[in-house]
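J.: Numbering (UniProt numbering), first residue to last: 1 to 179. We treat Cβ as the ideally placed atom computed from N, Cα and C, and that holds for glycine.
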């Protein structure tokens with residue numbers, strides 16, 4: 001994987017440089033420079049617009065209690081597109097603009113899901129909150145003693161305390177107003 005990434009980081013800029021030099025020979029250096037600058041400006045505007053739209057869809061899905069997996073995927077692709085558009089070059093700009101369009105994201109996202117299908121496992125913590133857990137508890141991923149969704153630790157004991165207890169020399173608790 002490391003060598004593929006290294007090859008990609010060497011080959012892509014080399015191809016981009018060749019394409020930019022050929023474009024400059026076919027037109028002029030000024031035209032080539034303007035194309036690079038204008039695609040960067042337009043790309044940043046589109047990335048901001050698409051990013052904000054995705055952020056609002058993410059917030060809407062969260063407020064409805066839905067898992068915003070599509071929005072997370074879109075957000076990552078938009079951030080990657082913005083990085084590609086800030087990189088001077090014709091190939092990176094073409095891929096960046098493709099990732100900024102919803103049909104392009106669907107196409108590439110579908111390819112990525114197909115490519116990595118079965119590579120990831122979903123794990124949940126706790127159970128349904130009833131205390132009987134059929135899946136792994138938080139103890140599986142967080143050390144010797146974890147807590148289930150209902151607030152009990154792995155031995156079934158409820159965690160005690162009145163809440164808002166923070167042991168830190170830098171924490172000053174809020175004073176409640178006296179009646």
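(1) Just confirm the distance between the C-beta atoms of residue 91 and residue 12, as a whole number of angstroms; I'd bet it's less than 8 Å.
(2) Return the chain-ordered list of same chain residues with a C-beta closer than 7 Å to the C-beta of residue 105, the five sequence neighbours on each side being excluded.
(3) So which of 68, 50, 23 and 63 has the shortest CA-CA distance to residue 80?
(4) Please state whether DSSP places residue 88 in a helix, a strand or coil.
(5) Mind checking which residues open and close the alpha helix (DSSP H) that includes residue 60?
(6) Quick one: using the 10 Å Cβ neighbour count with 16 as the cut-off for buried, is residue 117 buried or exposed?
(7) On the CB-based measure, 16 or more other CB atoms within 10 Å of its CB, does residue 82 come out buried or exposed?
(8) Between residue 59 and residue 41, what straight-line distance do the alpha-carbon atoms span, to the nearest angstrom?
(9) If I'm right that residue 89 touches residue 43 with Cβ under 8 Å, what's the distance once you round it to whole angstroms?
(10) Specify the secondary structure class of residue 265 as computed by DSSP and reduced to three states.
(11) Go ahead and label residue 18 buried or exposed: buried means 16 or more other beta carbons lie within 10 angstroms of its beta carbon, across all protein chains shown.
(12) For the alpha helix (DSSP H) containing residue 68, list its first residue and its last residue.
(13) Less than 8 Å between C-beta atoms, sequence neighbours within five positions excluded: which residues of the same chain meet that for residue 20?
(14) With distance defined between alpha-carbon atoms, name the residue in 69, 3 and 86 nearest to residue 113.
T.: So, from the data block:
(1) 7 Å
(2) 74, 77 and 99
(3) 50
(4) coil
(5) 29-63
(6) exposed
(7) buried
(8) 27 Å
(9) Their Cβ separation, rounded to whole angstroms, is 12 Å, which puts residue 89 and residue 43 out of contact at 8 Å.
(10) Past the edges of the chain, shown from 1 to 179, lies residue 265, and the structure says nothing about it.
(11) exposed
(12) First-last for residue 68: undefined, no H or E at that position.
(13) 32, 36, 88, 89 and 90
(14) 69
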